[in-house]
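Asks: Quick note, the sequence shown lines up with residues 151 to 319 if you use the working numbering. Cβ atoms here follow ideal geometry from the backbone N, Cα and C, with glycine treated the same way.
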Amino acid sequence: DSKLNIGGAYNEHINLLDDDTWICVVDADTLVLNPFFGTQIEDIITKHGKEYALISCITNRLRSIEQLYNGEFSDETDIIVHYNRSQELYENYYSDIKEVSGVAGLCMIFHKSTWAKIGGSKEDSIQFDTLFNHDIKRLNLGKIGVAKGLYLFHKNRTRRQSELLHSLP
151 DSKLNIGGAY NEHINLLDDD TWICVVDADT LVLNPFFGTQ IEDIITKHGK EYALISCITN
211 RLRSIEQLYN GEFSDETDII VHYNRSQELY ENYYSDIKEV SGVAGLCMIF HKSTWAKIGG
271 SKEDSIQFDT LFNHDIKRLN LGKIGVAKGL YLFHKNRTRR QSELLHSLP
């Protein structure tokens, strides 16, 4: 089903952008909690954009503990808890980055030239983000990092959504 081809959708839209563009893609099941999100990303890019080829965020639920708030998985549903986490990290770490081996696709910040050198996002694969990370490392395009002050809430998938994703070839 082409509706599940996230890599293809990214390619279609990124192709429309100017070559000298920074891109921030976020999953539909994420929630931005800080009203200064855009300005913060701009400042992160200004400070670290020459060194980092791919940047992501801190969140509440992933497999990778490197991107988890305090390194812990959280199913907390109280949005005020997540808002407070977002504010805490914003105030304490704003544009700081820690280098990591790879990041999840819930939030990916990169320059269009990085995407072009890789040949675009891999299509028809739910592992597009993992493959994007591997290609950055394989081509030695720069570091991969997590912005320590940037927090996004990441919703739990429904059972049906997970079944759909895992049934893809």
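When the distance is taken between beta carbons, is K298 closer than 8 Å to L218?
Replies: Not in contact: L218 and K298 (Cβ atoms no closer than 8 Å).
Asks: Going straight from the alpha carbon of V296 to that of I208, what length do you get?
Replies: C-alpha separation (whole angstroms): 7 Å.
Asks: Measure the beta-carbon distance from N283 to G252 and round it to whole angstroms, keeping in mind my assumption that it falls under 8 Å.
Replies: With 8 Å as the limit, N283 and G252 qualify as a contact, their Cβ atoms being about 4 Å apart.
Asks: Since I205 and I259 are thought to touch, with beta carbons under 8 Å apart, how far apart are those beta carbons, to the nearest angstrom?
Replies: 4 Å between Cβ atoms; contact.
Asks: Would you check if the stretch 270-286 and the stretch 234-248 touch, i.e. whether three or more CB-CB distances between them fall below 8 Å?
Replies: Counting Cβ pairs under 8 Å, fewer than three are found: no touch.
Asks: Can you tell me the Cβ-Cβ gap for L256 and L183, rounded? I've got them flagged as a contact below 8 Å.
Replies: Going by Cβ atoms, the distance from L256 to L183 rounds to 14 Å, so no, they are not a contact pair.
Asks: For T227, count the other beta carbons within 10 Å of its own beta carbon; 16 or more makes it buried, fewer makes it exposed. Which is it?
Replies: Exposed is the call here.
Asks: Entirely within the stretch 252-301 and at least 4 residues each: give me those alpha helix (DSSP H) ranges in chain order.
Replies: List check, alpha helix (DSSP H) in window: 262-268 and 278-288.
Asks: With a 10 Å radius around its C-beta and 16 neighbouring C-beta atoms as the bar for buried, classify I294 as buried or exposed.
Replies: Looking at its Cβ environment, which holds 16 or more other Cβ atoms inside 10 Å, I294 is buried.
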